[in-house]
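Take a look at the structure set out below.
There are 2 protein chains.
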Amino acid sequence: MSHKIYVVGIGPGAYEQMTVKAADVLRQSDVIIGYTVYIDLVRDHLPGKQFLSTPMTKETDRCRMAFSEARKGKTVSVICSGDAGIYGMAGLMYEIGAQYPDTELEVIPGVTAATAGAALLGAPLIHDFCVISLSDLLTPWETIEKRILAASRADFSVCLYNPSSKKRRDYLKKACELMLKYKSPDTVCGIVKNIGREGEEKSLLTLQELKDAEADMFTTVFVGNSQTKTLSEAMVTPRGYQDV
Amino acid sequence: MSHKIYVVGIGPGAYEQMTVKAADVLRQSDVIIGYTVYIDLVRDHLPGKQFLSTPMTKETDRCRMAFSEARKGKTVSVICSGDAGIYGMAGLMYEIGAQYPDTELEVIPGVTAATAGAALLGAPLIHDFCVISLSDLLTPWETIEKRILAASRADFSVCLYNPSSKKRRDYLKKACELMLKYKSPDTVCGIVKNIGREGEEKSLLTLQELKDAEADMFTTVFVGNSQTKTLSEAMVTPRGYQDV
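From first to last, the protein sequence lines stand for chains P and L. When we follow this note's numbering, the leftmost residue of the first sequence carries the number 43, and every step to the right adds one. When we follow this note's numbering, the leftmost residue of the second sequence carries the number 43, and every step to the right adds one.
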């Protein structure tokens, strides 16, 4: 191995939400590669670095760019929002990396939207939970549907990524209708938007209300299990301590 | 609200694995409360702080201690390893906090073992996944069993917390046997121990091999979905990009 690339999760938004280690790695990098929106989140904190970007849909190009820069002898970081291993670039970097056996990859974990959003809402994911993306760009809707039903039937708390987009306006509604087959309409739910960024907001609602809620691609959705409750305006799933 | 308590996830182990924000909050705190093992992970980095602890099973006492210190006008942080909202103290703090309406809680998210362990192994959680604890201390085994079966049938990747302990030596084996009802014995799996601490180790194995693997309370287990593969000694779940 003569080259190395860091794949860095920068957390949900604000610079201070990345780990100390992630900040160190970026400071030590010559080149930082990422989707423009994420580059803009870190640029002001990292003077003198070379920043490279490609449009959102060009993930493969971005990965190849990283391997190409690393081969020039540079220290390269590829950045993702949240954690690089949760719907992030880590997987694609390993897949493309198979063609670059002289380059080692190190994934630097970050705070993903599930944990950052949970922290804003209270403690919705204290017990067993599922993370499901509603994007059917790369996954058949039948698979997504099967997973939503399985998670609901087994009383998991559920965190939904990519609940909606311009082309998929009714997906959150469809997901709620599936969950309502097994979860009560009164199930405590939460919505978080723009975590750690300008326009951050949160709201609590029931599963019945969630069905008609507004969501966009910067929204993360939380659906409680049968034990989840509202406590002082927080969404809280008990771990089950009997002595409280 | 006249008092405030921070509930801080310090990440999986090493100090540098907490977020910049978490480190800031701890520096600004007068009192830091946590299980002894976690206090020891941060103590050397935080000279001049007051550290308070209780034994592992006394979580409720630890929470009450935090509210009591906050009422003295001190800035208090309660620390957890990983993320405070994933099998952590955030839930219990909100539950006990209902009795202390004059004290506000703020959860500072951290990197949980699921994402930190995934980063060490490669990219096992790139697509939909479930997090399940095998501890039946506070959850009936029937519920755990139902969730393992549901997750396996719907082809989720699965991350298992608390896979084993002295009293539950055969639980990982039992979980694997349940998963084998729906997942192939060749399913790619990974084990990570002591993430970010002394004795950190990882290994890749099949679901069939996992059945007889050694695990303890510092182990996190990853079971792939049907697409998960081994690439250059890394465990990688594809997101499904067709153009690679």
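Using N, Cα and C, we set each Cβ at its ideal position, and we do this for glycine too. Quantities reported herein were computed from a predicted structural model and do not represent experimental measurements.
For this session: Could you list which residues in chain P have their beta carbon closer than 7 Å to that of Ser175 of chain L, in chain order?
Result: The residue labelled residue 175 of chain L in the question sits at position 133 within the second sequence. One finds Asp170 in chain P with Cβ atoms closer than 7 Å to the Cβ of Ser175 of chain L, taken in chain order.
For this session: Sort L:Met221, L:Glu101 and L:Ala276 by Cα distance to Lys253 of chain L and report the nearest one.
Result: One-based indexing of the second sequence puts residue 253 of chain L at position 211. Ranking L:Met221, L:Glu101 and L:Ala276 by Cα distance to Lys253 of chain L puts L:Met221 first.
For this session: For the stretch 123-134 of chain P and the stretch 125-142 of chain L, state whether three or more C-beta atom pairs, one from each stretch, are separated by less than 8 Å.
Result: With the cut-off at 8 Å, the stretch 123-134 of chain P and the stretch 125-142 of chain L do not touch.
Exercise. What residues in the stretch 63-94 of chain L bring their beta carbon closer than 9 Å to a beta carbon of chain P?
Worked result: Look at the stretch 63-94 of chain L: the residues with a C-beta under 9 Å from a C-beta of chain P are Lys63, Ala64, Ala65 and Asp66.
Exercise. Mind checking whether Leu202 of chain P and Ile174 of chain P have CB atoms under 7 Å apart?
Worked result: For the purposes of this step, residue 202 of chain P is taken as the residue at position 160 of the first sequence. For the purposes of this step, residue 174 of chain P is taken as the residue at position 132 of the first sequence. Yes; because the gap between Cβ atoms is below 7 Å, this pair is in contact.
Exercise. Near Asp285 of chain P, which residues of its chain fall below 8 Å by C-beta distance, leaving aside the five closest residues on each side in sequence?
Worked result: By one-based count along the first sequence, residue 285 of chain P stands at place 243. Unreliable placement is indicated for Asp285 of chain P, whose pLDDT of 40 sits below 50; the coordinate value is still reported in the next sentence. Sequence-distant partners of Asp285 of chain P (beyond 5 residues in either direction) whose C-beta falls short of 8 Å from its own C-beta are missing from its chain.
Exercise. Are Ile52 of chain P and Gly159 of chain P close, meaning C-beta to C-beta below 7 Å?
Worked result: On the first sequence, residue 52 of chain P is found 10 positions in, with the first residue counted as 1. On the first sequence, residue 159 of chain P is found 117 positions in, with the first residue counted as 1. Cβ distance not < 7 Å, so Ile52 of chain P and Gly159 of chain P don't count as in contact.
Problem set entry | For Thr145 of chain L and Tyr77 of chain P, the rounded distance between their alpha carbons | Along the first sequence, read from residue 1 onward, the residue named residue 77 of chain P stands at position 35. Along the second sequence, read from residue 1 onward, the residue named residue 145 of chain L stands at position 103. Cα to Cα, Tyr77 of chain P sits roughly 40 Å from Thr145 of chain L.
For this session: Could you tell me whether the stretch 255-268 of chain P touches the stretch 225-238 of chain P, where touching means 3 or more Cβ pairs closer than 8 Å?
Result: Enough Cβ pairs lie closer than 8 Å, so yes.
For this session: Pull up the CB-CB distance for Leu88 of chain P and Ile74 of chain P, whole angstroms please, since I reckon it's below 8 Å.
Result: Counting from one through the first sequence, the residue named residue 88 of chain P turns up at place 46. Counting from one through the first sequence, the residue named residue 74 of chain P turns up at place 32. Indeed they touch by this definition, with Cβ atoms about 7 Å apart.
Exercise. Tell me, which residues are paired with Glu243 of chain L by DSSP?
Worked result: Position 201 of the second sequence, counted from the start, is the residue given in the question as residue 243 of chain L. Answer by DSSP bridge pairing, in chain order: L:Lys235.
For this session: For Tyr129 of chain P, go through chain L and note every residue whose CB falls closer than 8 Å to its CB, in chain order.
Result: As a position in the first sequence, residue 129 of chain P is number 87, starting the count at 1. Near Tyr129 of chain P (Cβ distances below 8 Å), the residues of chain L are Ile168, His169 and Arg281.
Exercise. Closest Cβ-Cβ distance between Pro151 of chain L and chain P: below 7 Å?
Worked result: Walking along the second sequence from the start, residue 151 of chain L turns up at place 109. The beta carbon of Pro151 of chain L falls within 7 Å of a beta carbon belonging to chain P, placing the residue at that interface.
For this session: Determine the burial state of Gly139 of chain P: buried for a count of at least 16 other Cβ atoms within 10 Å of its Cβ, exposed for fewer.
Result: As a position in the first sequence, residue 139 of chain P is number 97, starting the count at 1. Label assigned to Gly139 of chain P: buried.
Problem set entry | Cβ neighbours of Tyr283 of chain P in the same chain (closer than 6 Å, five flanking residues each side left out) | For the purposes of this step, residue 283 of chain P is taken as residue 241 along the first sequence, with counting starting at 1. Residue placement at Tyr283 of chain P is flagged as unreliable, the pLDDT there being 42, under the threshold of 50; a coordinate-derived value is accordingly withheld.
For this session: Quick one: list the residues of chain P neighbouring Ala158 of chain L, beta-carbon separation under 7 Å, in chain order.
Result: The residue given as residue 158 of chain L occupies position 116 in the second sequence. Contact of Ala158 of chain L with chain P by beta-carbon distance below 7 Å involves Pro151.
Exercise. Closer than 7 Å, CB to CB, is Arg211 of chain L near chain P or not?
Worked result: Here residue 211 of chain L refers to the residue found at position 169 when the second sequence is read from its first residue. Not an interface residue.
For this session: Determine the direct distance from the alpha carbon of Ala217 of chain L to that of Glu187 of chain L, and round the result to whole angstroms.
Result: Here residue 187 of chain L corresponds to residue number 145 of the second sequence, with the count starting at 1. Here residue 217 of chain L corresponds to residue number 175 of the second sequence, with the count starting at 1. Taking C-alpha positions only, Glu187 of chain L is separated from Ala217 of chain L by approximately 7 Å.
For this session: Taking the CB atoms as reference points, tell me whether Cys172 of chain L and Met135 of chain L lie closer together than 7 Å.
Result: The residue labelled residue 172 of chain L in the question sits at position 130 within the second sequence. The residue labelled residue 135 of chain L in the question sits at position 93 within the second sequence. It is not a contact, given that the beta carbons lie outside the stated cut-off.
Exercise. Is the Cβ of Leu273 of chain L closer than 7 Å to any Cβ of chain P?
Worked result: Counted from its first residue, the second sequence places residue 273 of chain L at position 231. At a cut-off of 7 Å between C-beta atoms, Leu273 of chain L counts as an interface residue with respect to chain P.
For this session: Could you list which residues in chain P have their beta carbon closer than 7 Å to that of Asp125 of chain L, in chain order?
Result: For the purposes of this step, residue 125 of chain L is taken as residue 83 along the second sequence, with counting starting at 1. Near Asp125 of chain L (Cβ distances below 7 Å), the residues of chain P are Thr157.
For this session: Count the other CB atoms, across all protein chains shown, that sit within 10 Å of the CB of Arg69 of chain L; report buried if there are 16 or more and exposed otherwise.
Result: Here residue 69 of chain L corresponds to residue number 27 of the second sequence, with the count starting at 1. Arg69 of chain L should be labelled exposed.
Exercise. In its own chain, which residues sit with a C-beta less than 8 Å from the C-beta of Thr181 of chain L, not counting the 5 before and 5 after it?
Worked result: Locating residue 181 of chain L in the second sequence gives position 139, counting from the first residue. For Thr181 of chain L, where only same-chain residues beyond five positions count, the Cβ hits under 8 Å are Ser175.
Exercise. Using a Cβ-Cβ cut-off of 6 Å (strictly less than) and excluding sequence neighbours within five positions of Ser207 of chain P, which residues of its own chain qualify?
Worked result: Your numbering for residue 207 of chain P matches position 165 in the first sequence. Sequence-distant Cβ neighbours of Ser207 of chain P in its own chain, meaning closer than 6 Å and more than five residues away, are Met259.
Problem set entry | Range covered by the alpha helix (DSSP H) that runs through Ser110 of chain L | In the second sequence, counting from the first residue as 1, residue 110 of chain L sits at position 68. From DSSP, the alpha helix (DSSP H) with Ser110 of chain L extends over Glu101 to Arg113.
Exercise. Cα-Cα, which of P:Pro205, P:Ala156 and P:Leu191 is closest to Asp178 of chain P?
Worked result: Position 136 of the first sequence, counted from the first residue, corresponds to residue 178 of chain P. Minimum Cα-Cα distance from Asp178 of chain P among the listed residues P:Pro205, P:Ala156 and P:Leu191 corresponds to P:Pro205.
For this session: Using a Cβ cut-off of 7 Å (strictly closer), state whether Leu202 of chain L contacts chain P.
Result: Reading the second sequence from its first residue, position 160 is the one you call residue 202 of chain L. Taking Cβ atoms only, chain P never reaches closer than 7 Å to Leu202 of chain L, which makes this a no.
Exercise. Taking C-alpha atoms, which residue in L:Lys63, L:Glu137, L:Glu58 and L:Asp103 lies nearest to Leu273 of chain P?
Worked result: Along the first sequence, one-based indexing puts residue 273 of chain P at 231. Of L:Lys63, L:Glu137, L:Glu58 and L:Asp103, the residue nearest in Cα terms is L:Glu137.
For this session: Determine, using beta carbons only, whether Lys244 of chain L and Val234 of chain L come nearer to each other than 7 Å.
Result: Reading the second sequence from its first residue, position 202 is the one you call residue 244 of chain L. Reading the second sequence from its first residue, position 192 is the one you call residue 234 of chain L. The answer is yes: Cβ separation under 7 Å.
Exercise. Taking the alpha helix (DSSP H) that Val79 of chain P falls in, what are its first and last residues?
Worked result: Locating residue 79 of chain P in the first sequence gives position 37, where the first residue counts as 1. It spans Thr78 to Val84 - the alpha helix (DSSP H) in which Val79 of chain P sits, taken as one unbroken run.
Exercise. Straight-line CA distance for Tyr57 of chain L to Ala64 of chain L?
Worked result: Translated into positions along the second sequence, residue 57 of chain L becomes position 15. Translated into positions along the second sequence, residue 64 of chain L becomes position 22. Computed Cα separation, rounded: 10 Å.
For this session: Within 10 angstroms of the Cβ of Ser110 of chain L, are there 16 or more other Cβ atoms? Answer buried if so, exposed if not.
Result: Residue 110 of chain L sits at position 68 when you count from the first residue of the second sequence. The residue is exposed, with fewer than 16 neighbouring Cβ atoms inside 10 Å.
Exercise. For Asp103 of chain L, which residues of its own chain have a beta-carbon under 6 Å away from its beta-carbon, when the five flanking residues on both sides are left out?
Worked result: As a first step, residue 103 of chain L must be located in the second sequence, where it is residue number 61. Result list for Asp103 of chain L: Thr96, in chain order.
Exercise. Comparing the C-beta of Gly266 of chain P with each C-beta of chain L, is any distance below 7 Å?
Worked result: Counting from 1 along the first sequence, the entry for residue 266 of chain P is found at position 224. Chain L has no Cβ within less than 7 Å of the Cβ of Gly266 of chain P.
Problem set entry | Cβ distance (whole Å) where Asp86 of chain L is taken to contact Lys116 of chain L below 8 Å | For the purposes of this step, residue 86 of chain L is identified with residue 44 of the second sequence, where counting begins at 1. For the purposes of this step, residue 116 of chain L is identified with residue 74 of the second sequence, where counting begins at 1. About 21 Å separates the CB atoms of Asp86 of chain L and Lys116 of chain L; that is not less than 8 Å, and the two are not in contact.
Problem set entry | Backbone CA spacing between Pro54 of chain L and Ile150 of chain P [nearest angstrom] | Within the second sequence, residue 54 of chain L is the residue found at index 12, counting from 1. Within the first sequence, residue 150 of chain P is the residue found at index 108, counting from 1. For the pair Pro54 of chain L and Ile150 of chain P, the Cα-to-Cα distance works out to about 12 Å.
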